[in-house]
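Engineer: Below you will find the structure I want to go over with you.
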Amino acid sequence: HPGHMAQVALTLGARHIPASDREVGWGVSYYKKLSNEVKISHDEDVIAASGIFWSMIMSTMPAEVTRPMVEILSDQKVPHMATRWIAPGKGFHLQLEDRHYVFPNVNRSPPELFLTKGYSAYVIIFTLTALV
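In our numbering, the protein residues as written are 340 to 471.
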């Protein structure tokens, strides 16, 4: 596939490990050696972007659509978005040019996100016809 796709936050681990042997954990999305400071900065940006997107979903989608998912995540005590470098909790912040925005009491998004850049997957459609 052209492009790149990365999973952020909670994961069941590598696809080649049987589901019965998997443990839920915080995924590592970096394929380059980066300093901890760069990883933290990147993860803060991802948490902010997903938090803003989640806030837009929650403010525009009908409660009948969002409430069941929010309740299930809450009942199962699934944490909100976090990473190996950023602890679970509320709120997020972002830096846009010379302005720093802080949203301390906003709920973060659910704890799994896929980021893509230039990614595409091919689809093959087969049509089966019966021989009569």
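Here a beta-carbon is modelled for each residue, glycine too, at the ideal position from N, C-alpha and C. The structure displayed is predicted, hence computed values, not measured ones.
(1) Verify whether the separation of the beta carbon atoms of Gly366 and Arg447 is less than 8 Å.
(2) Please report the distance separating the alpha-carbon of His419 from that of Arg438.
(3) If you follow the beta strand (DSSP E) that Phe431 is in, where does it begin and where does it stop?
(4) DSSP on Thr297, reduced to helix/strand/coil?
(5) Mark Phe392 as exposed unless 16 or more other C-beta atoms lie within 10 angstroms of its C-beta, in which case mark it buried.
(6) Quick check: the Cα distance between Ser394 and Asp382, rounded to an integer number of angstroms?
(7) Can you say whether Thr422 is buried or exposed, counting buried as having 16 or more other CB atoms within 10 angstroms of its CB?
(8) Tell me which residue opens and which closes the beta strand (DSSP E) that Val462 is part of.
(9) Less than 8 Å between CB atoms is the rule here; does His381 satisfy it with respect to chain D?
(10) Under the three-state reduction of DSSP, which class applies to Arg406: helix, strand or coil?
Structural biologist: In short:
(1) Taking the sequence shown and counting its residues from 1, one reaches residue 366 at position 27. Taking the sequence shown and counting its residues from 1, one reaches residue 447 at position 108. No.
(2) Sequence index remark: in the sequence shown, residue 419 carries index 80 (1-based). Sequence index remark: in the sequence shown, residue 438 carries index 99 (1-based). Taking the straight line from one Cα to the other gives about 25 Å.
(3) Here residue 431 refers to the residue found at position 92 of the sequence shown. 431-435 is the extent of the beta strand (DSSP E) around Phe431.
(4) Residue 297 lies beyond the range of the chain shown here (340 to 471); nothing can be said about it.
(5) The count along the sequence shown starts at 1 and reaches residue 392 at position 53. Exposed, by the Cβ-count rule.
(6) Translated into positions along the sequence shown, residue 394 becomes position 55. Translated into positions along the sequence shown, residue 382 becomes position 43. If I take the Cα positions, the gap works out to 18 Å.
(7) What you label residue 422 is simply residue 83 of the sequence shown in a count that begins at 1. It counts as buried.
(8) Taking the first residue of the sequence shown as 1, we reach residue 462 at position 123. No beta strand (DSSP E) contains Val462, which DSSP labels as neither H nor E.
(9) Of the protein chains in the structure, only one exists, and it is not chain D.
(10) On the sequence shown, position 67 is the one that residue 406 refers to. Helix.
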